[in-house]
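Chains as they are written, first to last, in UniProt numbering: chain A, 1 to 213; chain B, 1 to 213; chain C, 1 to 213; chain D, 1 to 213.
Note that CB positions come from ideal geometry on N, CA and C, so glycine has one too.
Small disclaimer: the values here were computed from a predicted structure and weren't measured.
Beneath this line is the structure, given in structure tokens, with notes to follow.
Protein chains: 4
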Amino acid sequence: MIRKVSKPRRAAKEVAAKPGPAMVEHRGNRHGRSEGARTAILEAADNLLVERGFAGVTIEGIAAAAGVAKQTIYRWWTSKTDVLMDAFLEDMIQASVPSDSGDLKSDLKHHLVGLAKMLAESDTGAVFRALLAEAQHDSELATRLRTQFIEPQRLRDLFPFEQARKRGELYPEFDTDAALEQLLSPIYYRVLVSGQPVSQSYVESLIRRLVLR
Amino acid sequence: MIRKVSKPRRAAKEVAAKPGPAMVEHRGNRHGRSEGARTAILEAADNLLVERGFAGVTIEGIAAAAGVAKQTIYRWWTSKTDVLMDAFLEDMIQASVPSDSGDLKSDLKHHLVGLAKMLAESDTGAVFRALLAEAQHDSELATRLRTQFIEPQRLRDLFPFEQARKRGELYPEFDTDAALEQLLSPIYYRVLVSGQPVSQSYVESLIRRLVLR
Amino acid sequence: MIRKVSKPRRAAKEVAAKPGPAMVEHRGNRHGRSEGARTAILEAADNLLVERGFAGVTIEGIAAAAGVAKQTIYRWWTSKTDVLMDAFLEDMIQASVPSDSGDLKSDLKHHLVGLAKMLAESDTGAVFRALLAEAQHDSELATRLRTQFIEPQRLRDLFPFEQARKRGELYPEFDTDAALEQLLSPIYYRVLVSGQPVSQSYVESLIRRLVLR
Amino acid sequence: MIRKVSKPRRAAKEVAAKPGPAMVEHRGNRHGRSEGARTAILEAADNLLVERGFAGVTIEGIAAAAGVAKQTIYRWWTSKTDVLMDAFLEDMIQASVPSDSGDLKSDLKHHLVGLAKMLAESDTGAVFRALLAEAQHDSELATRLRTQFIEPQRLRDLFPFEQARKRGELYPEFDTDAALEQLLSPIYYRVLVSGQPVSQSYVESLIRRLVLR
DNA sequence: CATTAATCGAGACGGTACGTCTGGTCTTCCC
DNA sequence: GGGAAGACCAGACGTACCGTCTCGATTAATG
């Protein structure tokens, strides 16, 4: 169902090539897609979600908040979740560069605490939970969410283990996938299902449970 | 927000008292609440959710499908999720009576495989996922879901451990809560987040990971 | 295409039966159709046409001006012209009771001057011209306009002649249809086509041209 | 409102001068206005009106049908009625050269039957009726229509009378304006208002009614 | 036995948002 | 500088449901 491409046609180079203060102001033209409109929409969507909750996000509301015509949204996205998906991915670009302190447990702790905080407390996490919720009854979105966030995130999550393996911290048969699942799933469970807090000490206890070698 | 009581005033006794022909057909009267209308609504809600997805469930749709006036729904419920919540709880009443074979690992396996199947594959599971999804941006519903399902379910989930403890199968300091979380959270994670299947062998591997004594 | 009945179900008797200030205020109920909403819509349509011209009349505008939901308009009418048609007919109900002075020429003068004034100057005339204009490219409306206004109006227009015939003012072979056409068509021509004024003296000259016996 | 001149700068001679292969195809150029685009637009407007009715004519539709960009239309016309006005006037250039048989009644009959046919049956008549309709709520258009069509047409209509006067067929005080109105207004009335047919015999009966001397 | 109270099906009402469609403006590129 | 292309803002379209309200019918308990 999500057929439309969100940011087509416009090479970054072209954008950069436009000189001066750049980001040429335009109202309908042949620049191709308006970058101003695009970002205004994504920001408006984000803000509305946080301020008014998922049900409070409407295409009409986004359009009004972004100062944009509804059709400009429908031209590039198919639904409000589609917009929110893009807004979320944009948010995640600034995502954590995993730390690499030379000690696995320390790296894991740092990474997982950050992840838990993002999921449970940040605005970005609110967007993620809304999307995951929607994905429960929208398999297309589910697929997209897995492809564009969960898989890449998995790679980022595995990074500390890979570093540790290089350092010889792990015994050879150590199953990183299983270990990761042992760490992540309780965090997601608490955030999504039981609503229990995910404190720093809780994360530490999860890590302590791991048998590394 | 959910102020209304779903099934007030009418003691189970009264229902039981009217056996045989009973279940008086009535269109507005002083029998009190119409049991026929109530069950028709819950069934219609269930069916609509499965057939048309969460967004396809509307109060008007339920009313039409149940052959009931909209107001009859609004008299007893506050929203479509409120109806679905009741429908879900009704479904869960037939829930598993936990097996008690005398062996913890066997009991756990039986119980967890059944739970996973319910969550991932059954219509009831679809309703649950929809409710949990909605609960991500509806804290009132979240509370209700935890109180009325997740907590009671936790007790059912713990039952095998309690039996084992009585039998002396567990060392004294064994943390059943932690153990349960280790078992449950990967199942929920796979169902809700990663979409991976929860096979019987996977459940067995989870159990094997537990150190019981 | 115009399938909906505009004023169903509510017998005049019932309306009359409601005494005193009557016209029960209600917002959605089982009074049947709301007379208040109905008249508010027709008035709003009338006013908008006069103030903003035909193109300026929109269903949304009518709804807003009448303080009514769009759907309430769509429930009972099919299009803005349908609404305007009803508004026009309602206006015409208060139409002239033809005078009957005992003298044909005097009666005709009175009737035609009134008609010309209505067509050219009144708000009702503006609505009529708009409808007739629309009827030029909407044959369904054309039919309805002829059936519901032009034919009945013709009967009213003929009334003075009938009275005169009863009085023996006309020679037997006098063709009233032809005479009427001779009188009416220049009036419509001036109003619709040439834009020339239709003064009282002009009407008199038209009548003078007639050879009555 | 109608500020733009519709056919500037380009003499008919030039058009005629470019025969055969010519009619230079161009997509934006320095030839000045494209005659090809202009005629394509007027034809497309005409055709759309006949095929789809007045509401079915849109600037976008004309542009698409004429294979022309919207802006090319907006550059030279202000509205769809403006385009249709030009299309209509273009059509009327081929208008009847009034016959001059030497007999007034014969000339009138010939002329009026042609006029009635044009108004009621031809595509050009459809365009005229649409414009007249629009003129009912657009006084600017009304003025233009009267200036550019109705007045000139009146002169054409009077031509038979003038010839007759030269021939001495009319008594001196004969009021040609009044006579013309007597002839024309019933025709317009039938076409625009009552929808009755305007047959040849009907036109003859109108003429017979005239007292010429 | 009449009155009263509770509930039901029905459906009109004022609203919000949907997703689609035109209209008219503007900018760029091509000739 | 005309013309093609096409993104943009604006806003009306007709539809679907929302949640509220009132009706008239039905039935049971009350007095």
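Leaving out five residues before and five after residue i in sequence, what residues of the same chain have Cβ atoms less than 6 Å from its Cβ?
i, result
"Lys80 (chain C)", "Val57, Ile59"
"Gln163 (chain C)", "Asp100"
"Met1 (chain C)", "Low per-residue confidence applies at Met1 (chain C): pLDDT is 41, beneath 50, and the placement is therefore not dependable, though the value from the model is reported in the following sentence. Around Met1 (chain C): Glu140."
"Ala116 (chain C)", "Ile187, Val198"
"Phe161 (chain B)", "Thr176"
"Val83 (chain D)", "Ala45, Trp77"
"Ser201 (chain B)", "none"
"Lys105 (chain A)", "Ile207"
"Gly102 (chain B)", "none"
"Pro172 (chain B)", "none"
"Gly28 (chain D)", "With a pLDDT of 46 at Gly28 (chain D), under the threshold of 50, the modelled position of that residue is not reliable, and the figure given next carries that caveat. For Gly28 (chain D), where only same-chain residues beyond five positions count, there are no Cβ hits under 6 Å."
Give the interface partners of residue i over in chain C, defined as CB-CB distance under 8 Å, in chain order.
i, result
"Tyr189 (chain D)", "Glu181, Leu184, Ser185, Tyr188, Tyr189"
Taking 8 Å as the limit between beta carbons, can you name the residues of its chain near residue i, skipping five residues before and five after?
i, result
"Met23 (chain C)", "At Met23 (chain C) the pLDDT is 38, less than 50, meaning the model places this residue with poor confidence and gives no usable figure here."
"Arg209 (chain B)", "Gln182"
"Gln148 (chain B)", "Met85, Leu89"
"Gln196 (chain D)", "Arg190"
"Asn47 (chain B)", "Ala65"
"Leu42 (chain B)", "Val83, Asp86, Ala87, Glu90"
"Arg154 (chain A)", "Leu180"
Can you pull the chain A residues whose beta carbon is under 8 Å from the beta carbon of residue i, in chain order?
i, result
"Leu192 (chain B)", "Leu132, Gln136, Tyr188, Leu192, Val193"
"Ala142 (chain B)", "Gly195"
Check whether the Cβ atoms of residue i and residue j sit closer than 8 Å, and answer yes or no.
i, j, result
"Leu183 (chain D)", "Leu112 (chain D)", "yes"
"Val127 (chain B)", "Ala179 (chain B)", "no"
"Met92 (chain A)", "Thr124 (chain A)", "yes"
"Val193 (chain C)", "Ile207 (chain D)", "no"
"Lys70 (chain B)", "Val203 (chain B)", "no"
"Ser185 (chain D)", "Ser205 (chain C)", "no"
"Ala135 (chain B)", "Leu145 (chain B)", "yes"
"Ala120 (chain D)", "Val191 (chain D)", "yes"
"His137 (chain A)", "Gly53 (chain B)", "yes"
"Phe174 (chain B)", "Leu131 (chain B)", "no"
Closer than 9 Å by beta-carbon distance: list the chain B residues that pair up with residue i, in chain order.
i, result
"Leu150 (chain A)", "Residue identity differs from the one stated: residue 150 (chain A) is Ile in this sequence, not Leu. Here the neighbours are Val193, Ser194, Gly195."
Identify the contact partners of residue i in chain C, using a Cβ-Cβ distance below 9 Å as the criterion.
i, result
"Arg146 (chain D)", "Val193, Ser194, Gly195"
Leaving out the 5 sequence neighbours to the left and right, which residues in its chain are closer than 7 Å to residue i when beta-carbon positions are compared?
i, result
"Ala40 (chain D)", "Ala66, Gly67, Val68"
"Ala63 (chain B)", "Ala69, Lys70, Ile73"
"Pro21 (chain A)", "Annotation note: pLDDT 36 at Pro21 (chain A) (below 50); position unreliable, no value reported."
"Met118 (chain D)", "Thr124, Gly125"
Name, going along the chain, the residues of the region 124-137 of chain D whose beta-carbon falls closer than 9 Å to a beta-carbon of chain C. From the region 124-137 of chain D, only Ala126, Arg129, Ala130, Leu132, Ala133, Glu134, Ala135, Gln136, His137 have a Cβ closer than 9 Å to chain C.
Return the residues of the region 40-60 of chain A that lie within a Cβ-Cβ distance of less than 8 Å from chain B, sorted by chain order. Answer set for the region 40-60 of chain A: Gly53, Phe54, Ala55.
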